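See below:
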């Protein structure tokens, strides 16, 4: 068992840290809103820290799951940041979805202090975090990954090293690109079924058994039919992720026409007041 710090206790981080405690690791937690850290300690064995640095002191592994590039820089750098509290040889594991550029920046900074750094964004949403069934895609040094993987296993269905620093983030971009087009296609399919006077439940029962089937169809068709969009990953966060994908595509020369279009559809959902709705809310703009 390891001494672990977990930074960021949102809808993903809170249960992920809980799985670490349940696995027997010694866990210290930090959250920008201290009440969340205290609430976590109330449910699990562990301690709450006042700063990221305090949480990281004495930890062999420091996990983070925060909001964006700037949030990650803030929890890593400075006098109260995690790097300042980590001992030489400790490993920072970043589960945030951020740009590959900030990953490489912070990985280089960590290396200067004798720290390991693994970028390890996750897929599976809130349900995956709660059930310990996340897909974890990693980038970094192979030895650092090998040490961190048994700890990550507490909440992973699959965990794989995809390449050097930043490769995990690039793989997560592939994930978000694939999801964007899929959810739009599903939204149009269900909307078409409605307009044609068909039963969504019956349509899905039939087509989900063929090539059209997907996790999104199986798990979201009913809530989409009922106009309920409070099931996990928010539109605001999806637009942040798609912005990273599109910026990286510009850098690499990749063409992402469908992703760019769906990003604008999500912008329309935000204008409708749906920034905190989950990503299946693309169907709402079709029903206007």
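Numbering (mature numbering (1 follows the signal peptide of the UniProt record, and there is no 0)), first residue to last: -17 to -1, 1 to 271. Note that the Cβ used here is the ideal one computed from N, Cα and C, for glycine as well. Since we're looking at a predicted model, the values are computed, not measured.
Inset, instruction - Pick out whichever of 236, 29, 90 has its Cα sitting closest to the Cα of residue 151. - result: Counting from one through the chain shown, the residue named residue 151 turns up at place 168. For residue 151, the nearest C-alpha among the options comes from 90.
Inset, instruction - Determine which residues share a DSSP beta bridge with residue 121 and list them. - result: Position 138 of the chain shown, counted from the first residue, corresponds to residue 121. Bridge partners of residue 121: 144.
Legend entry - Unbroken beta strand (DSSP E) run spanning residue 99, endpoints: On the chain shown, residue 99 is found 116 positions in, with the first residue counted as 1. 99 to 102 is the span of the beta strand (DSSP E), which, as asked, contains residue 99.
Legend entry - Identity of the residues DSSP links to residue 6 by a beta bridge: Here residue 6 corresponds to residue number 23 of the chain shown, with the count starting at 1. DSSP lists no partner for residue 6.
Legend entry - In chain order, each beta strand (DSSP E) run of at least 3 residues that lies wholly inside the segment 132 to 179: For the segment 132 to 179, whole beta strand (DSSP E) runs of length 3 or above, ordered along the chain, are 139 to 146.
Inset, instruction - Can you say whether residue 155 is buried or exposed, counting buried as having 16 or more other CB atoms within 10 angstroms of its CB? - result: On the chain shown, residue 155 is found 172 positions in, with the first residue counted as 1. Flag for residue 155 reads buried.
Inset, instruction - Verify whether the separation of the beta carbon atoms of residue 106 and residue 51 is less than 7 Å. - result: If you number the chain shown from 1, residue 106 lands on position 123. If you number the chain shown from 1, residue 51 lands on position 68. Cβ atoms of residue 106 and residue 51: not closer than 7 Å.
Inset, instruction - Kindly list the residues whose CB is nearer than 7 Å to the CB of residue 173, restricted to its own chain and excluding five residues on each side of it in sequence; keep chain order. - result: Within the chain shown, residue 173 is the residue found at index 190, counting from 1. Only 183, 204, 207, 208, 266 meet the Cβ criterion.
Legend entry - N- and C-terminal bounds of the beta strand (DSSP E) containing residue -12: Numbered from its first residue, the chain shown carries residue -12 at position 6. If you look at residue -12, you'll find it in the beta strand (DSSP E) that goes -15 to -11.
Inset, instruction - Please name the residue in 263, 256, 179 whose C-alpha comes closest to that of residue 166. - result: Taking the chain shown and counting its residues from 1, the one referred to as residue 166 is at position 183. Of 263, 256, 179, the residue nearest in Cα terms is 263.
Inset, instruction - Using a threshold of 7 Å, state whether the C-beta atoms of residue 268 and residue 252 are closer than that. - result: Here residue 268 corresponds to residue number 285 of the chain shown, with the count starting at 1. Here residue 252 corresponds to residue number 269 of the chain shown, with the count starting at 1. A contact, by the Cβ cut-off of 7 Å.
Legend entry - Opening and closing residue of the beta strand (DSSP E) in which residue -6 lies: Within the chain shown, numbered from 1, the residue matching residue -6 stands at position 12. That residue, residue -6, is in no beta strand (DSSP E); it is neither H nor E in DSSP.
Legend entry - For residue 46, the three-state DSSP class (helix, strand or coil): To locate residue 46, count along the chain shown from 1; it is residue 63. Three-state result, residue 46: strand.
Legend entry - 7 Å Cβ shell around residue 139 - same chain, five flanking residues per side excluded: Indexing the chain shown from 1 puts residue 139 at position 156. So the qualifying residues of the chain are 117, 119.
Inset, instruction - Spell out a yes or no on whether the segment 39 to 53 and the segment 24 to 31 are touching, meaning 3 or more CB-CB pairs, one atom from each, closer than 8 Å. - result: no
Legend entry - Of the residues 16, -12, -5, the one placed nearest residue 10, counting alpha carbons only: By 1-based counting over the chain shown, the position of residue 10 is 27. Closest by alpha carbon: -12.
Legend entry - Under the three-state DSSP convention, the category residue 214 falls into: Sequence index remark: in the chain shown, residue 214 carries index 231 (1-based). Coil.
Inset, instruction - Would you decide whether residue 188 is buried or exposed? Buried here means 16 or more other CB atoms lie within 10 Å of its CB. - result: One-based indexing of the chain shown puts residue 188 at position 205. Under this definition residue 188 is an exposed residue.
Inset, instruction - Could you tell me which residues DSSP pairs with residue 220 in its beta bridges? - result: By one-based count along the chain shown, residue 220 stands at place 237. In the DSSP secondary-structure assignment, residue 220 is not bridged to any residue.
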